[in-house]
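A.B. asks:
Number of protein chains: 2
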Amino acid sequence: MTSAVPIGVAARETGIKVPTIRYYEKIGLLPPPPRTPRNRRSFDDCDLRRLKFIRHARGLGFEIDSIRALLLLQDNPDQSCIAADQIACARLTEVEQRISSLAALKIELERMIAGCKRGHVRQCRVIQVLADHSQCQNLRH
Amino acid sequence: MTSAVPIGVAARETGIKVPTIRYYEKIGLLPPPPRTPRNRRSFDDCDLRRLKFIRHARGLGFEIDSIRALLLLQDNPDQSCIAADQIACARLTEVEQRISSLAALKIELERMIAGCKRGHVRQCRVIQVLADHSQCQNLRH
DNA sequence: CTACATCCTCTAGCAACTAGAGGAGCAAGA
DNA sequence: TCTTGCTCCTCTAGTTGCTAGAGGATGTAG
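Chains as they are written, first to last, in this note's numbering: chain A, -9 to 131; chain B, -9 to 131.
1) Roughly how many whole angstroms lie between the Cα atoms of Glu3 (chain A) and Ile97 (chain B)?
2) If you drop the 5 nearest sequence neighbours on each side, which residues of the same chain put their C-beta closer than 8 Å to that of Val85 (chain B)?
3) Would you call Leu63 (chain A) buried or exposed, if buried means 16 or more other Cβ atoms sit within 10 Å of its Cβ?
4) Determine, using beta-carbon pairs with one atom in the segment 113 to 121 of chain B and one in the segment 37 to 54 of chain A, whether at least three such pairs fall under 8 Å.
5) Quick test of your reading: Val(-1) (chain B) and Ala78 (chain A), contact by CB under 8 Å. State the CB separation rounded to the nearest angstrom.
6) Give every residue of the same chain whose Cβ lies closer than 7 Å to the Cβ of Val111 (chain A), excluding the five residues on either side of it in the sequence, and list them in chain order.
7) Ile89 (chain A) and Leu92 (chain B) look like a contact to me (Cβ under 8 Å); what is the Cβ gap, rounded to whole Å?
8) So which residues of chain A does Cys114 (chain B) contact, with C-beta pairs closer than 7 Å?
9) Would you kindly work out how many angstroms separate the C-alpha atoms of Pro21 (chain B) and Arg58 (chain B), rounded to a whole number?
10) Measuring straight from C-alpha to C-alpha, what distance separates Thr83 (chain A) and Glu15 (chain A)?
11) Using a Cβ-Cβ cut-off of 7 Å, state whether Asp55 (chain B) counts as contacting chain A.
12) Determine whether the Cβ of Leu129 (chain A) lies closer than 7 Å to any Cβ atom of chain B.
13) Would you decide whether Ala104 (chain A) is buried or exposed? Buried here means 16 or more other CB atoms lie within 10 Å of its CB.
14) Using a 10 Å radius around the Cβ and a threshold of 16 neighbouring Cβ atoms, would you call Cys106 (chain A) buried or exposed?
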């Protein structure tokens, strides 16, 4: 009903910036929408749904290639969804690893900052720890 | 004593790849080392320490510009170290924010995956949630 | 009639590297 | 002697996911 909106409206509705929408079209995430006689892109509800899907997935940190795979699955609803599950699981693993490595960094940074007496650089614990990795508790980085 | 090593050895000692060391020189993080008569870079202990400092800071997620500032402080040990402290604190805040947003993503991904019955894409919860943001508990992303 | 908004295309830039082309010098082995 | 292999050099272009800007067309409002 409301279909056929220009790119600016599509951007407002989906929260994706205008150049980014064009970029998604260029890399083939979004099928090229039809053009008006004045050569303007004209997006329908289906395009908007697709754009929202992309935005949501990007918000969850999925890479463009994963999103491409997820969209392909969405386009073929009779397929098994094991692939979608795998992509989501892989992303979950990534997120878990990232969280644990950031947690370690947090501890290191806190130790650094706590040790700093706010005097001269010569005695600054932040600089000292950076200069000498062996002063780190956590050896993973 | 052991000074004056070529770039390959410097790379091995510091754990930074050869092209990356050249890159750091190019962007001015590392002063251009002297060359041998055969035009080879020759790194001394001071360069190696600086490279290790950079590697450690990169490992902690500091951006190049922050590292530039930290190195400048290290080069002037009589200055106050408040600036170093501020850079570290800013990084800590970033890390904390990143952790909490990743924690939210983790919950969302887990909910998604738990809801998936591994049947057809048509009923796949992963795809459904991506397609409809309102099904998300967490509205931050 | 002019200002403003919206759209179009195309190119170039960001961070922080990484990969590859194309070339040189030197030592050890066949 | 020749070849293989290692290290080094410079330079350019690619990566990811956009973002910014140039330069131009068209429509509407005042």
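Just so it is clear, CB atoms sit at the ideal spot from N, CA and C, and this is done for glycine as well.
C.D. replies: Looking at the atomic coordinates:
1) Numbered from its first residue, the first sequence carries residue 3 (chain A) at position 13. Numbered from its first residue, the second sequence carries residue 97 (chain B) at position 107. Roughly 26 Å separates the two Cα atoms.
2) Translated into the one-based positions of the second sequence, residue 85 (chain B) becomes position 95. So the qualifying residues of the chain are Gly51.
3) Counted from its first residue, the first sequence places residue 63 (chain A) at position 73. Buried.
4) yes
5) Stepping through the second sequence from its first residue, residue -1 (chain B) is reached at position 9. Stepping through the first sequence from its first residue, residue 78 (chain A) is reached at position 88. No, Val(-1) (chain B) and Ala78 (chain A) are not in contact; Cβ-Cβ is about 44 Å, not under 8 Å.
6) Within the first sequence, numbered from 1, the residue matching residue 111 (chain A) stands at position 121. Once the five neighbours on either side are set aside, the close Cβ partners of Val111 (chain A) are Ile117.
7) By one-based count along the first sequence, residue 89 (chain A) stands at place 99. By one-based count along the second sequence, residue 92 (chain B) stands at place 102. That pair is a contact at about 5 Å.
8) In the second sequence, the residue the question calls residue 114 (chain B) occupies position 124. Residues of chain A passing the Cβ test: Cys71, Ala74.
9) Position 31 of the second sequence, counting from 1, holds the residue named residue 21 (chain B). Position 68 of the second sequence, counting from 1, holds the residue named residue 58 (chain B). The straight-line gap from Cα to Cα measures roughly 12 Å.
10) One-based indexing of the first sequence puts residue 83 (chain A) at position 93. One-based indexing of the first sequence puts residue 15 (chain A) at position 25. Each residue's alpha carbon lies about 29 Å from the other.
11) Translated into positions along the second sequence, residue 55 (chain B) becomes position 65. For Asp55 (chain B), the answer is no, since every Cβ of chain A falls outside 7 Å of its Cβ.
12) Here residue 129 (chain A) refers to the residue found at position 139 of the first sequence. Low confidence applies to Leu129 (chain A): its pLDDT is 49, below 50, so where it sits in the model is not reliable enough to give any reading.
13) Here residue 104 (chain A) refers to the residue found at position 114 when the first sequence is read from its first residue. Classification of Ala104 (chain A): exposed, given that the 10 Å Cβ count is below 16.
14) As a first step, residue 106 (chain A) is located in the first sequence; it is residue number 116 there, counting from the start. Label assigned to Cys106 (chain A): buried.
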